[in-house]
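Student: Right, I'll just put the structure down here and ask away after.
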Amino acid sequence: MTQETLSFQAEVKQLLQLMIHSLYSNKEIFLRELISNASDAADKLRFEAIADAALYENDADLRIRIAYDATARTITIEDNGIGMSREEAIANLGTIARSGTKEFFAKLSGDAQKDAALIGQFGVGFYSGFIIADQITVESRRAGLPASEGVRWHSAGDGEFSVEAIERPARGTSITLHLREGEDDFLSAWRLKSIIRKYSDHIALPILMVKEEWDQEKQETVRLDEDETINQASALWARAKSEIDESQYKTFYQHLAHDQQEPLIWTHNRVEGRNEYIQLLYVPSQAPFDLWDRNQRGGLKLYVKRVFVMEDAEQLLPAYLRFIRGVVDTNDLPLNVSREILQESRDVKAIRDGVTKRSLSMLEELAEKEAEKYAAFWQQFGQVLKEGMGEDQANRERIAALLRFASTTQDTAAQTVTLADYVARMKEGQTKIYYVTADSWQAARNSPHLEVFRNKGVEVLLLTDRVDEWMLSFLNEFEGKPLSSVARGDLDLGALSDAEKAEQAKASETLQPVIEKMKEVLQDKVKDVRTTFRLTDSPACLIVDENEMSGYLQRILKSAGQKAPESKPILEINPEHALIKRLEVEQAGFADWSHLLFDQALLAEGGTLNDPADYVKRANMLLLEGLERC
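FYI, the numbering for the sequence shown is 79 to 708, going by our numbering.
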């Protein structure tokens, strides 16, 4: 039979070096990953066999078998799942066919413990075998192919692998690890069983090993002619909660999410009534690498009567909850359910609503009872949850209550302030919830638009996430209090600003010649020029009309390569500022001062100058004139 030698994909070579030389802190993960892959192979066979029962080949009892040979120094993991064809073996074992390859290597830190945690998460668990093995041999045959189309894959982890056709009567896959020197402690039934029970006890397939017992007469361990099941071999989510301890829930999550970190929180319940289903939902401790890919929806596994039918059932969860991991097992759907059926099914809509509400209840409970844990959740997933304000009208009020923000009451950028906190602290006579948007916390905190609010002790929320402007188009009010941007429209502080309104009207009349001349000079840049009482220290600021797009959102769209609607800002000037008081329309440099004030206001709100060189030239010229008068 012809043997062919091929080279690994460049990323695999890089990964193998990591496995061989770096990951020593938690070597036993290799068995967890290979058993997990075997379990997935069984799930895939079950799924394909729904349409073609002949794939079982008269062997419907799916199982995983672990064996070791102390003399040959090998460990073998075997399953009778879907198996691989020659082409699949080359594709699956010779390349990392994932969009996340680049992100995977970007996240590798050189910290062995952290790197080990990423292995399964990025779908490269097979290569973890090279942590303890210097050679790996894989023999496989895909279900439905003849015995003559078996394949043997072999590699010493040196940049190349070989494939050849073999005769293999049994479908499925066997992986044989040839151990490195110094790894003999894994050649022990006790050691292998302890690893299986630690990481894989929840696997719904029986994990079998040859039974061993101590022979008193021979004074040695002997193998019996029978198997024993090492794990509980039942779906964890189908058991009663009273039968599952905390460590089992955590271990199941790690298998489910391919995440070595423990989950932050979980919920497990059985729903009965018109729709009957079990849901076991988890919130991870850390955001997955593909969190911002809205098309990557691998959060929930769908089972029908304990039979796995779908890996990423996105119809069961809205996009803003895509960080949730878990299992939904229902009795109300057919085994041959398709994504099209899921899209149209009333039962699925009811399950989706139930899963969504349960997920939000889990977060509400975390926020109420464990504030520190919720703060950790918010840091990882807060921006994604904000998407729910526009996507889930039915639960908008619940989501709004879960939101967290930075505000002017804090000295740090930590987003810990709730809208309820803000409303409880509102000043007497204050009718609105005020906010400012900016590119960064520092820029927001130093925005000139906040000056009058600081002066009056009015709290302002500091919004700096890119999703905030979009979110605010759906978050109009909270507990009857409208949200208002401090940089949009006429500033109205209600009863807090009655005195300033009269002063502003008087100042506007006095400065009318300056205002009119400034409008003429800046007609290409601004829609209007007017006085304001929102400034106390700055000479000028830019705002937009109430229904127009903010400058911050325009910049976000432009940076993303999208076209922003053309609109001019309004320049507001501070009549009490020394620069404004000294402006006279007859001044030779009036136009330069007007342009300078506009450019400064634009920079203060994080904008970009169209002609920075012109700004520098103008500023230098005005500085020089000032020095000459000194």
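Heads up, the beta-carbon is just placed ideally off N, CA and C, and yes, glycines get one too.
Can you list, in chain order, the residues of its chain whose CB lies under 8 angstroms from that of L140, leaving out five sequence neighbours each side?
Tutor: Cβ neighbours of L140 beyond the five flanking positions: A120, L123, R124, D157, N158, G159, L283.
Student: Measuring straight from C-alpha to C-alpha, what distance separates G161 and L540?
Tutor: So the alpha carbons of these two residues sit roughly 54 angstroms apart.
Student: Return no unless some Cβ of chain D is closer than 8 angstroms to the Cβ of K319.
Tutor: Looking for chain D here will not work: only one protein chain is present.
Student: By the DSSP assignment, the beta strand (DSSP E) with K289 in it spans what residues?
Tutor: That run of the beta strand (DSSP E) goes 285 to 293.
Student: Give every residue of the same chain whose Cβ lies closer than 7 angstroms to the Cβ of I168, excluding the five residues on either side of it in the sequence, and list them in chain order.
Tutor: L84, V241.
Student: Does DSSP put K192 in a helix, in a strand, or in coil?
Tutor: In this predicted model, K192 has a pLDDT of only 49, less than 50, meaning its place in the structure is not dependable enough to derive any value.
Student: Start and end of the alpha helix (DSSP H) containing N115?
Tutor: Unbroken alpha helix (DSSP H) run through N115: 107 to 129.
Student: Spatial neighbours of V607 within its chain, please: CB distance less than 6 angstroms, with the 5 preceding and 5 following residues excluded, ordered by chain position.
Tutor: Excluding positions up to five away in sequence, the list reads I593, M596, K597, L649.
Student: Looking at C-alpha atoms only, which residue of E295, E350, K276, K379 is the closest neighbour of K328?
Tutor: The shortest Cα separation from K328 among E295, E350, K276, K379 belongs to K276.
Student: Please classify Q357: does DSSP put it in a helix, a strand, or coil?
Tutor: Strand.
Student: Taking the straight line between their C-alpha atoms, what separation do you get for Q458 and P362?
Tutor: Spanning the two alpha carbons is a distance of roughly 9 angstroms.
Student: Entirely within the segment 496 to 578 and at least 3 residues each: give me those beta strand (DSSP E) ranges in chain order.
Tutor: As far as the segment 496 to 578 is concerned, its whole beta strand (DSSP E) runs of at least 3 residues are 511 to 515, 539 to 541, 559 to 563.
Student: Would you check if the distance between the CB atom of R163 and the CB atom of V229 is smaller than 8 angstroms?
Tutor: The residue you asked about is not Arg; residue 163 is Ser in the sequence shown. Yes, the Cβ-Cβ distance between S163 and V229 is below 8 angstroms.
Student: Helix, strand or coil: which one does DSSP assign to R301?
Tutor: In this structure, R301 counts as strand in the three-state DSSP scheme.
Student: Which of the three DSSP states is assigned to V604 in this structure?
Tutor: Three-state result, V604: coil.
Student: Assuming the contact rule is C-beta atoms closer than 8 angstroms, L553 and M467 should be a hit. Round their C-beta distance to whole Å, please.
Tutor: Right, the Cβ-Cβ distance comes to about 5 angstroms (below 8 angstroms), so this counts as a contact.
Student: Using 8 angstroms as the threshold, is the segment 249 to 256 in touch with the segment 266 to 275, meaning 3 or more CB pairs across them?
Tutor: Cβ pair count under 8 angstroms is below three, so no.
Student: Taking 8 angstroms as the limit between beta carbons, can you name the residues of its chain near V422, skipping five residues before and five after?
Tutor: For the sequence presented, residue 422 should be read as Glu rather than Val. So the list is empty, once near-sequence residues are dropped.
Student: What are the uninterrupted segments assigned as alpha helix (DSSP H) that are 4 or more residues long and contained completely in the segment 213 to 286, given in chain order?
Tutor: DSSP runs (the alpha helix (DSSP H)) wholly in the segment 213 to 286: 267 to 277.
Student: Measuring CB atoms only, is the segment 395 to 411 touching the segment 467 to 485, in the sense that at least three cross pairs come out at less than 8 angstroms?
Tutor: Touching, yes.
Student: Would E529 and R612 be called neighbours here (beta carbons separated by less than 8 angstroms)?
Tutor: Contact: yes.
Student: On a Cα-Cα basis, can you pick out the residue from D305, R352, A492 that is closest to R424?
Tutor: For the residues D305, R352, A492, the minimum Cα distance to R424 belongs to R352.
Student: Between D212, M549, L171, E245, which has its C-alpha nearest W231's C-alpha?
Tutor: Of the listed residues, the one whose Cα sits closest to W231 is L171.
Student: What residue range is occupied by the uninterrupted beta strand (DSSP E) comprising R151?
Tutor: No beta strand (DSSP E) holds R151; DSSP gives it neither H nor E.
Student: Along the beta strand (DSSP E) that carries N347, what are the first and last residues, could you check?
Tutor: Element bounds for N347: 343 to 349.
Student: Comparing C-alpha positions only, which one of I634, K605, E654 sits nearest to T588?
Tutor: Out of I634, K605, E654, E654 has the C-alpha closest to the C-alpha of T588.
Student: Where are the beta strand (DSSP E) runs, 3 residues long or more, that stay fully inside the segment 366 to 404, in chain order?
Tutor: Entirely contained in the segment 366 to 404, the beta strand (DSSP E) runs reaching 3 residues are, in chain order, 378 to 382, 385 to 388.
Student: Give me, in chain order, the residues of the same chain whose beta-carbon lies closer than 6 angstroms to that of A682; leave out the 5 immediate sequence neighbours on both sides.
Tutor: Only P526 meet the Cβ criterion.
Student: Leaving out five residues before and five after L420 in sequence, what residues of the same chain have Cβ atoms less than 6 angstroms from its Cβ?
Tutor: The answer, listed in chain order, is Q393, V426.
Student: Quick one: give me the first and last residue of the alpha helix (DSSP H) that A656 is part of.
Tutor: Note, A656: alpha helix (DSSP H), 656 to 659.
Student: Could you please give me the residues that DSSP links to G484 through a beta bridge?
Tutor: The displayed chain sequence assigns Ala, not Gly, to residue 484. According to DSSP, A484 bridges with L540.
Student: Taking one C-beta from the segment 106 to 121 and one from the segment 130 to 146 each time, how about it: are there three or more such pairs within less than 8 angstroms?
Tutor: Contact holds: three or more Cβ-Cβ distances are below 8 angstroms.
Student: Quick check: the Cα distance between T345 and V545, rounded to an integer number of angstroms?
Tutor: Their Cα atoms are separated by approximately 28 angstroms.
Student: Determine the burial state of A88: buried for a count of at least 16 other Cβ atoms within 10 Å of its Cβ, exposed for fewer.
Tutor: Exposed: under 16 other Cβ atoms inside 10 Å.
Student: Under a Cβ-count criterion, where at least 16 other Cβ atoms within 10 Å of its own Cβ denotes burial, should A318 be classed as buried or exposed?
Tutor: A318 comes out exposed.
Student: Just grab the DSSP bridge partners of Q310 for me.
Tutor: According to DSSP, Q310 bridges with nothing at all.
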